[in-house]
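Structure, as structure tokens:
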Amino acid sequence: MATNTQTITEVDAELRDLAASVVSRAMKAGATAAEAVVREGSEFSTVVRMGEVETLKESGSRAIGLRTFVGHRTASTYSSDFSKDGIQRLINGAIELSRVTSEDSYADLPEPDQLGSVQGDLKLYYEDVYSLPPEQRIDYARRAERAALEADPRMKNSDGGSFDAAIGHKVLANSHGFLGEFRRSYCSVSAAPIAQDENGNMQRDYWYALARTMATLESPESVGHEAARRTLRRLGSRKIASTQVPIVLDPTVAESILDNIFEAVDGGAIYRQSSFLANKLGEQVAAGNITVVDDGTMPGGFGTEPFDGEGVPTRRTVVIENGVLKSYLLNTYTAKKLGMKTTGNASRGLAGPPSIGAGNFYLQKGDRTPQQIIGNIKQGLYVFQFLGFGVNMVTGDFSRGVSGLWIENGELTYPVEEVTVAGNLKDMLNNISEIGNDLKFRGSTAAPTLRIDGMTIAGE
Amino acid sequence: MTQNQNLFFQKFGITPNDLQRYLGEALSAGGDYADLYFEYLTSTSISVDESIVKSASQGISAGCGVRVLAGERTGYAYTDDLAPEKILRAARTAALIARGPAKSPIEGFKENLNHQLYPVASPSADADIAAKLELVMRADRSARAYDPRVVQVRAGYFDEMRQILVIGSDGTFASDVQPMARFTVSTIAKSGENSAKGVAGGGGRVGIDFFMTEKTPEHFAHDAARQAIIQLGAVEAPAGEMEVVLGPGWPGILLHEAIGHGLEADFNRKGTSAFSGMVGKRVASDKCTVVDNGTLPSRRGSINVDDEGSPTQNTVLIEKGILKGYLSDKLSAKLMGMPDTGNGRRESYAHIPMPRMTNTYMLAGDDSPEDIIRSVKRGVYAVNFGGGQVDITNGKFVFSASEAYMIEDGHVTAPLKNCTLIGNGPDALTKVSMVGNDLELDEGVGTCGKDGQSVPVGVGIPTLKLDSMTVGGTAR
């Protein structure tokens, strides 16, 4: 498709020069500190539905964001316009805005000695995600869908199979002299088949694989088979009566509990007192078997970056150790507010002040197989889908729609839907009674199978 | 020539001849249709946190998306550089979807007469930053003054101006200038060990004067503070099936999740929706008439033309309980042989348009809200919601109440902790037994996500009684 005649090195130099020059021009225009981020990326995606190509998309884009400080006042601007006028407007706009915001003594860049980059090859970028010719990319999507549809005669329809590839390049520069950059690549394949039972009732599910390089991307066939298995087990789903039984979360839904923990230790939520884990440092907040880690340095990780959104090296932070809350996740601003040091978790979009972002955020695996965990339960619910957003991070109140399989005498039996599970995250973290040995990263957040006791299921 | 065309023709030097050339390139390998979507978006946001203005930002994004349709196939490419060679390259990339002899776009364009649903004269985005700053500071002061237990307040003002130009190979030529403004306030209240939050907000396709006259910062601040204070005293919500009364306005998210998504034409064309093949069938009680209306003046979900250049309209989805039709874009309308309802929307130039809702609401009925509450022996009265979600294929949907109360013997009693309500789209509305005479639309905060694309929408209902719905609480 589109060919790029510039070499990567030339583009690198161009973006680096742009970031550095925007910072120095902002300083000349009156900023007392400045930080610029330049992002450039390209994406390819294709969807094949019922064997036919449905969409083909390919494009590239770039944008620049600038944050300026005038004393302790700060503001930001962003633009996709790289023309001379566009850049001038970006700089002038940021400085003008910085004069109207409030004096905030905590607002600052990191100290010069905090800046830096994790050394060594973090294995984030592989050109091979774009190496397949277009026909073979389409074929990846087609193979994933076909494997799902051919798995069983009840597979009747499909939302398609897809193949996606993307590469991104990010440059960050600031007025303390930091200039860093990295590239990342992704490729993924997915299938979303639809099965139908004898009554005409349909169920849909999906599965995907994600990798930094084609060399480690799971085969489309294995993705399609897993999508089919997850879809077929939902056929014949029924509602059950309200009850209180142990629940077992499969790793894909356990992951969203980890997302809740991440939100709860976000330094912004902590200083604003809007997290149920605020003021709990050093206290037992989870069962003694729970250890949660954030690690932005894992080679090849989907949450790995050599430096964070403010140019601070990423690191490994133990967040919860044996149930005790050890650390919040912080950027420069939230750390200052709390009288602490940044943990290298600044996340920088194009606009606005840095927020908090996770690296690779996971719950350490236990020693039980998922089968052993299920086998221990007389009556319970194995949950494989959460629906909705019913989590209140201030109180910890948790109430979400679920789909799953009923557990009877240690065995998975019929599928269940249109019920909710509810409780409070404070109790839920303390009631994680068993932890699976099946930790696997499918994104930047990961959790093994978890058993949680004491939650209420609402149904008929 | 309108002001808007001037932007793309003058600022970016695009000429009608260029447009013909780009479309010609897009159809160089055949295909049934091609279009170009030019977008220029400016945005501003300013927020107050801990009583000081900690951040302000402004941004500009511009680009052009080129789409080629060939049967059920879509080719898409975009560029954020509006230089002719970049747009031509995007057109050539999108053209790869088709395999056949080149086609020619229709010579010349015909501009549709548009609605004029919102102001274009003094867009909010041009208003003085100092005026916006004063608005957020007023919200902070007002929320803190509401009750000493309010310990944290965040207020934000956000606005944008989107200018679009849509050119199609069928002669489509449409342009629009779309303002949008939103105000949000969130609060944390504390009492002893107890904490709670409140969130309120609103806006629409309005100028900054809307927040000085119609819905003031104090209005949103009071509502956010009031909710947090009420939640301090919330008790456990019940678990199980019971009568549910939904208050007017934003609880209309019920319609959005239970039926709206399931009626989007793309899912029905593919047969993947729980509503597939149900036109003409009963999907609600005969008290229910539901429309999707993109033509309400100044509403958040309103647009003069959709993102394919088609005029928006008022579409009846359910009439007295019977399913009447779907929401379509150009592709689904053509493939299904149905009219284009003007619901083809996209998040930006980097996204492929698809059928989306605009403002979805139920028409008012005859019952008084007081009678509805009085008719309930034991149930839940839900008046504010967070988000919702639906599984299109099996029809199961949820929406989470952020402000709800018990109803006992016809009286509203204790406030409830946050709980999710869950139901089944194709039959949830068959349980509507009373419809209030108090239709309200939401205040203008809704954002709908589908396939990774966000678009602004509106919802609304009168007070409604559902005879049975599952409430996801913890109390027996």
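Protein sequences appear in the order of chains A and B.
FYI, the numbering for the first sequence is 1 to 460, going by this note's numbering.
FYI, the numbering for the second sequence is 1001 to 1476, going by this note's numbering.
All residues carry an ideal CB built from backbone N, CA and C; glycine is no exception.
None of the values given here were measured: they were computed from a predicted structure.
**OP:** On the DSSP bridge assignment, give the partners of residue 1038 of chain B in chain order.
**Re:** B:1064 and B:1165
**OP:** May I ask you to list the residues that DSSP assigns as paired with residue 1288 of chain B?
**Re:** Note: residue 1288 of chain B sits in no beta bridge, so no partner.
Original post:
If the cut is a Cβ gap below 8 Å, which residues of chain A does residue 1399 of chain B touch?
Top reply: 388
**OP:** Can you give me the Cβ contacts of residue 340 of chain A inside the same chain, cut-off strictly under 7 Å, excluding the 5 residues immediately before and after it?
**Re:** Within the same chain, residue 340 of chain A has close Cβ partners 330.
Subject >> Whether residue 316 of chain A touches residue 297 of chain A by CB criterion (8 Å) >> reply: yes
**OP:** Tell me whether residue 158 of chain A sits in a helix, a strand or coil according to DSSP, three-state version.
**Re:** strand
Subject >> Contact under 8 Å by Cβ, residue 138 of chain A with residue 46 of chain A >> reply: yes
Original post:
Got a sec: which bits of the region 171-205 of chain A sit with their beta carbon under 8 Å from any beta carbon on chain B, in order along the chain?
Top reply: 194, 201, 202, 203 and 204
Original post:
If the cut is a Cβ gap below 8 Å, which residues of chain B does residue 97 of chain A touch?
Top reply: Chain order gives the chain B residues near residue 97 of chain A as 1056, 1057, 1058 and 1129, where near means a beta carbon separation below 8 Å.
Original post:
On the premise that residue 120 of chain A lies in contact with residue 519 of chain A, defined as a C-beta separation below 8 Å, what is that separation, rounded to the nearest angstrom?
Top reply: Lying before the first or after the last residue shown, residue 519 of chain A is absent from chain A, which here runs from 1 to 460.
Original post:
In chain A, which residues lie less than 9 Å from residue 1419 of chain B when you measure between Cβ atoms?
Top reply: 390, 397, 399, 420, 422 and 458
**OP:** Pick out whichever of B:1070, B:1288 and B:1195 has its Cα sitting closest to the Cα of residue 277 of chain A.
**Re:** B:1195
Subject >> Any chain A beta carbon closer than 8 Å to residue 1078 of chain B >> reply: Closer than 8 Å to the CB of residue 1078 of chain B there is at least one CB belonging to chain A.
**OP:** Select from the region 141-166 of chain A all residues with a C-beta closer than 7 Å to any C-beta belonging to chain B, and list them in chain order.
**Re:** 157 and 159
Original post:
Which two residues bound the contiguous beta strand (DSSP E) that contains residue 1406 of chain B?
Top reply: Per DSSP, residue 1406 of chain B belongs to the beta strand (DSSP E) from 1396-1408.
**OP:** To the nearest angstrom, report how far apart residue 1347 of chain B and residue 43 of chain A are at their CA atoms.
**Re:** Roughly 17 Å between the two C-alpha positions.
Subject >> Closest by C-alpha distance to residue 1148 of chain B, when choosing among B:1187, B:1293, B:1264 and B:1068 >> reply: B:1187
**OP:** Would you mind stating whether residue 1034 of chain B and residue 1111 of chain B have Cβ atoms separated by less than 8 Å?
**Re:** No Cβ-Cβ contact shorter than 8 Å links residue 1034 of chain B with residue 1111 of chain B.
**OP:** State whether the region 407-424 of chain A contacts the region 214-230 of chain A, with contact taken as three or more CB pairs (one from each stretch) at a distance under 8 Å.
**Re:** no
**OP:** To the nearest angstrom, report how far apart residue 1287 of chain B and residue 1249 of chain B are at their CA atoms.
**Re:** 18 Å
Subject >> Sequence-distant residues of the same chain with beta carbon closer than 6 Å to residue 1380 of chain B, five excluded per side >> reply: 1244, 1404 and 1471
Original post:
Quick one: what's got a C-beta closer than 7 Å to residue 1051 of chain B's C-beta in the same chain, skipping five residues either side?
Top reply: 1140
Subject >> Neighbour-count burial assignment, residue 113 of chain A, 16 or more Cβ in a 10 Å radius >> reply: exposed
**OP:** State buried or exposed for residue 1320 of chain B, treating a residue as buried only when at least 16 other CB atoms are found within 10 Å of its CB.
**Re:** By the 10 Å Cβ count, residue 1320 of chain B comes out exposed.
Original post:
Which term fits residue 1145 of chain B, buried or exposed, when burial requires 16 or more other beta carbons within 10 angstroms of its beta carbon?
Top reply: If you draw a 10 Å sphere on the C-beta of residue 1145 of chain B, you find fewer than 16 other C-beta atoms in it, and that means exposed.
Subject >> Cross-chain neighbours of residue 53 of chain A in chain B, by beta carbon under 8 Å >> reply: 1073 and 1097
Original post:
Do you know offhand how far residue 128 of chain A's Cα is from residue 1423 of chain B's?
Top reply: 45 Å
Original post:
Which residue or residues does DSSP assign as beta-bridge partners of residue 247 of chain A?
Top reply: A:381 and A:452
Original post:
For residue 1268 of chain B, which residues from the same chain have a beta carbon less than 6 Å from its beta carbon, with the 5 sequence-adjacent residues on both sides left out?
Top reply: 1276 and 1326
Original post:
Going along the chain, which unbroken runs of the beta strand (DSSP E) with 3 or more residues stay wholly within the region 345-400 of chain A?
Top reply: 360-363 and 379-387
Original post:
Going along chain B, which residues have a C-beta under 8 Å from residue 88 of chain A?
Top reply: Residues of chain B passing the Cβ test: none, with the nearest at roughly 12 Å.
Original post:
Hey, would you say residue 97 of chain A sits closer than 8 Å to residue 1058 of chain B, going by beta carbons?
Top reply: yes
Original post:
Straight-line CA distance for residue 1204 of chain B to residue 1181 of chain B?
Top reply: 6 Å
**OP:** Return the residue from the list B:1353, B:1046 and B:1293 that minimises the CA-CA distance to residue 1156 of chain B.
**Re:** B:1046
Original post:
Beta-carbon separation of residue 375 of chain A and residue 434 of chain A under 8 Å?
Top reply: In this structure, the beta-carbon distance from residue 375 of chain A to residue 434 of chain A does not fall below 8 Å.
Original post:
Under 8 Å between the Cβ atoms of residue 1473 of chain B and residue 1416 of chain B?
Top reply: yes
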